[in-house]
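Colleague: Residue numbers (this note's numbering): 440 to 1181. Heads up, the beta-carbon is just placed ideally off N, CA and C, and yes, glycines get one too. Structure in structure tokens, see below.
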């Protein structure tokens, strides 16, 4: 980049050269001069060697375009003509005329009518210069805006004492991550790192910063991609190709403008010096676009899109971008004044009135009371100093007069104007601030894991204490087992889910894996110690090498209550269900139901339907997905992936749709002639369930239970009653359990 005051020279048409939006913008704003590559001009026809007929033609530059937009369009057109320098009947006249006009003052343009060849006319018409010239402006200015809005928003967070906890909870670890939004949240955390000014003020204008600014980043990239191709393609470019990206930009700008305007008003309220607030508010109301101006600007965009006038459409989006730029600039000004205005306006360096709570901890100095400033963030403090330096450079004073305030406002509006010579330097410095903070960027969490802050831990500890109390009430004692086991202990116990076990590297002569659940380690403990009767509970983390998705993690807690030993028929099953209902009632987390089934009933059902015994477990795994998928999806898996015939799958479908009040459905399944009574496995299961349901009825908790034949488990150790608590009206699981034996 050239030194300040020195004009850059951009050469077009050279071998391997390409035109960028930043170059177009530099030429359009007069920050750069153009030079046509001599070799490209040599390939064009000179006037002396030219004999092709000419016809008058008006270059299609709509009257609605601004001078800046016209200059950008002509720059693009010039590049297109030079790209076709190998084509016949393209003369040097037009490129030289355009570059001469762009290198001189605006008033010298005159392209209303010019004599051109047929080939020149085709190049001009197919270039869509009036559309993509404006897109170049949109590309450059929106990219710059996306680079600055986070810093401006960070200043507002401090000025308004915003609650910024949301910036630390963007990446949920479940695989559903807004990539750009998470990036914004990360940059916001870096800018505000160490700040003592952020507080507890909650407002969507702050909580939605990652979402709104992230969306801006996303659409800016889309506009850049479309524009970059159009600028340098030798082929015809279509006006309509720009519409989806630019329309997305308009929508993102409208949301950003509303959010930024809201923060600017909150910043005004945070100014502690009343005279300063009054003066700033007066100027703000006169100069800052209000919500009606923003709404009308967006409406003009939508109207022009509806009219299918692409040139007018991109022009209106550019006008909307200018409106939003002004709002964001005012947000920055109001935030800065709220944070620093009192100090800068004070006379003789003594602060008159505390501004926005920044002045804390009274101390004595030279016999006077002086207040110590609270600390800005490590990033925002640099930005504030950058603005202070600008004001001092432009002759800002601390006379205390409102004239000084008006001068600051005008200086800062120019400072944030992309057309001004110093703007590129500002953007570069802001980027450096963010990049210099990279060393302070906290490491990211592995996918499928979460951090739990003090608020969440308080809830967890309360929940665990309730669960533990219920477990102890039923005679269980605590047991803790290692987080990893010998691989041979875990393998073969989980059916298809064995592939989800985390294997550890062999570093001690043994092959180990992280525990998949708490049940197999408990069984290993019982077997190792020759225990014949034991009630235990364990609350601990388990690990699954799963693909993270919504509500599904790779590391999570299980709360186990296990009963080992010989007891009366269905006694332990009843106790477990009773414990489950007690827990959920005392946790008071909402209306729930306990779906219940029997693994042997499932096996009997599969046998009745004609499923081969070796496929019982894998088909159960498919049935287990019915709470999240339709039967048609599950049927497709059973038939196409697991080799079941269609007739057998349809028979399964008639059974798994059965659910209802436990004793009523049980009575239906035990009617005379029922196929379940003819099957040994299912008959045994129905007898077990009859005992269980009678006991649950006597204990007055059967109203919480639903008998559901679609409830299944694919793990190999499930042999008896299986159940799962879910919130009513949803498939969201709360707790699940089963009976198993070894």
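Distance check for residue 997 and residue 672, CA to CA, integer angstroms please.
Modeller: Residue 672 and residue 997: Cα-Cα distance of roughly 59 Å.
Colleague: Given residue 703, which residues of its chain have a CB within under 6 Å of its CB, disregarding the five upstream and five downstream residues?
Modeller: The answer, listed in chain order, is 769, 770 and 773.
Colleague: Using a beta-carbon distance below 8 Å, is residue 582 in contact with chain C?
Modeller: The chain inventory of the structure shown lacks chain C, comprising one protein chain alone.
Colleague: Can you tell me the Cα-Cα spacing of residue 637 and residue 601, whole angstroms?
Modeller: For residue 637 and residue 601, the distance between alpha carbons rounds to 5 Å.
Colleague: For the putative contact between residue 463 and residue 473, defined by C-beta atoms under 8 Å, what is the C-beta separation to the nearest angstrom?
Modeller: Actually they do not touch by this definition, with Cβ atoms about 10 Å apart.
Colleague: How big is the Cα-Cα spacing for residue 648 and residue 829?
Modeller: Cα to Cα, residue 648 sits roughly 27 Å from residue 829.
Colleague: Would residue 578 and residue 699 qualify as a contact pair, given that the criterion is a beta-carbon distance under 8 Å?
Modeller: Contact flag unset, no.
Colleague: Under 8 Å Cβ to Cβ from residue 1058, same chain only, skipping five residues before and after it: list those, please.
Modeller: If we look at residue 1058 and ignore the five residues flanking it on each side, its Cβ neighbours are 1045, 1050, 1077, 1081, 1083 and 1091.
Colleague: If you compare alpha carbons, which of 1146, 1113, 1142 and 1117 is closest to residue 1095?
Modeller: Cα-wise, what sits closest to residue 1095 is 1146.
Colleague: What is the residue span of the alpha helix (DSSP H) that residue 867 lies within?
Modeller: It spans 862 to 875 - the alpha helix (DSSP H) in which residue 867 sits, taken as one unbroken run.
Colleague: Please report the distance separating the alpha-carbon of residue 1072 from that of residue 1151.
Modeller: Their Cα atoms are separated by approximately 16 Å.
Colleague: Under the DSSP definition of a beta bridge, which residues are partnered with residue 995?
Modeller: For residue 995, which the question treats as bridged, DSSP gives the partners 981.
Colleague: Less than 8 Å between the CB atoms is what I'm expecting for residue 941 and residue 889, so what's the real figure, rounded?
Modeller: So it is not a contact: roughly 17 Å between Cβ atoms.
Colleague: Please state whether the Cβ-Cβ distance between residue 632 and residue 818 is less than 8 Å.
Modeller: Yes, Cβ-Cβ distance for residue 632 and residue 818 is below 8 Å.
Colleague: So, under 8 Å CB-CB, residue 869 and residue 822 are touching, yes? Tell me the CB distance rounded to an integer number of Å.
Modeller: That belief holds up - the Cβ atoms of residue 869 and residue 822 are roughly 7 Å apart, short of 8 Å.
Colleague: Is the region 554 to 568 close to the region 493 to 505, with three or more CB pairs under 8 Å?
Modeller: Contact holds: three or more Cβ-Cβ distances are below 8 Å.
Colleague: In whole angstroms, give me the CA-to-CA distance for residue 1129 and residue 1105.
Modeller: Taking the straight line joining both Cα atoms gives about 7 Å.
Colleague: Would you call the CB atoms of residue 452 and residue 524 closer than 8 Å?
Modeller: Their beta carbons are under 8 Å apart, which means residue 452 touches residue 524 by this criterion.
Colleague: Going by DSSP in three states, residue 924 sits in which element: helix, strand or coil?
Modeller: Correct three-state label for residue 924: strand.
Colleague: Do residue 898 and residue 1026 have their beta-carbon atoms positioned less than 8 Å apart in this structure?
Modeller: Their beta carbons are not under 8 Å apart, which means residue 1026 does not touch residue 898 by this criterion.
Colleague: At what residues does the alpha helix (DSSP H) containing residue 1063 begin and finish?
Modeller: Run containing residue 1063: none; DSSP gives neither H nor E here.
Colleague: Report yes or no: do three or more beta-carbon pairs, one from the region 708 to 721 and one from the region 679 to 696, lie closer than 8 Å?
Modeller: No, the region 708 to 721 is not in contact with the region 679 to 696.
Colleague: Where residue 605 and residue 697 are concerned, what is the direct C-alpha to C-alpha distance, given to the nearest angstrom?
Modeller: Roughly 20 Å between the two C-alpha positions.
Colleague: Excluding the five sequence neighbours on either side, which residues of its own chain have a C-beta within less than 8 Å of the C-beta of residue 504, listed in chain order?
Modeller: Counting only Cβ-Cβ distances below 8 Å, and skipping sequence neighbours, we find 512, 569, 573, 750 and 754.
Colleague: Look up residue 640 in the DSSP assignment and give the residues it is bridged to.
Modeller: Residue 640 pairs with 601.
Colleague: When you compare the region 943 to 953 with the region 962 to 973, are there three or more beta-carbon pairs, one atom per stretch, that lie closer than 8 Å?
Modeller: Not touching, per the Cβ criterion.
Colleague: Does DSSP put residue 529 in a helix, a strand or coil?
Modeller: Coil at residue 529, not helix or strand.
Colleague: Taking the beta strand (DSSP E) that residue 1034 belongs to, which residues open and close that run?
Modeller: From DSSP, the beta strand (DSSP E) with residue 1034 extends over 1031 to 1037.
Colleague: Run the CB neighbour count on residue 885, radius 10 Å, all protein chains shown included, and call it buried at 16 or more, exposed below.
Modeller: Classification of residue 885: exposed, given that the 10 Å Cβ count is below 16.
Colleague: Between 982, 980, 1003 and 951, which has its C-alpha nearest residue 968's C-alpha?
Modeller: Nearest C-alpha to residue 968: 1003.
Colleague: Do residue 571 and residue 733 have their C-beta atoms within less than 8 Å of each other?
Modeller: Taking 8 Å as the Cβ cut-off, residue 571 and residue 733 do not qualify as a contacting pair.
Colleague: When you compare only the Cα positions, how much space is there between residue 788 and residue 831?
Modeller: Per-residue confidence for residue 788 stands at a pLDDT of 40, beneath the threshold of 50, marking its modelled position as unreliable; no derived number is given.
Colleague: At the level of alpha carbons, what is the spacing between residue 803 and residue 740?
Modeller: Caution is warranted here: a pLDDT of 41 is assigned to residue 803, below 50, making its placement in the model unreliable, and no coordinate value can be reported.
Colleague: Going by the beta-carbon positions, is the gap between residue 709 and residue 598 smaller than 8 Å?
Modeller: Contact: yes.
Colleague: Rounded to the nearest angstrom, how far is the Cβ of residue 993 from that of residue 1161, given a contact under 8 Å?
Modeller: Contact doesn't hold; Cβ gap of about 24 Å is too wide.
Colleague: Kindly give me the distance between the Cβ atoms of residue 977 and residue 917, rounded to whole angstroms, as I take these residues to be in contact under 8 Å.
Modeller: That belief holds up - the Cβ atoms of residue 977 and residue 917 are roughly 7 Å apart, short of 8 Å.
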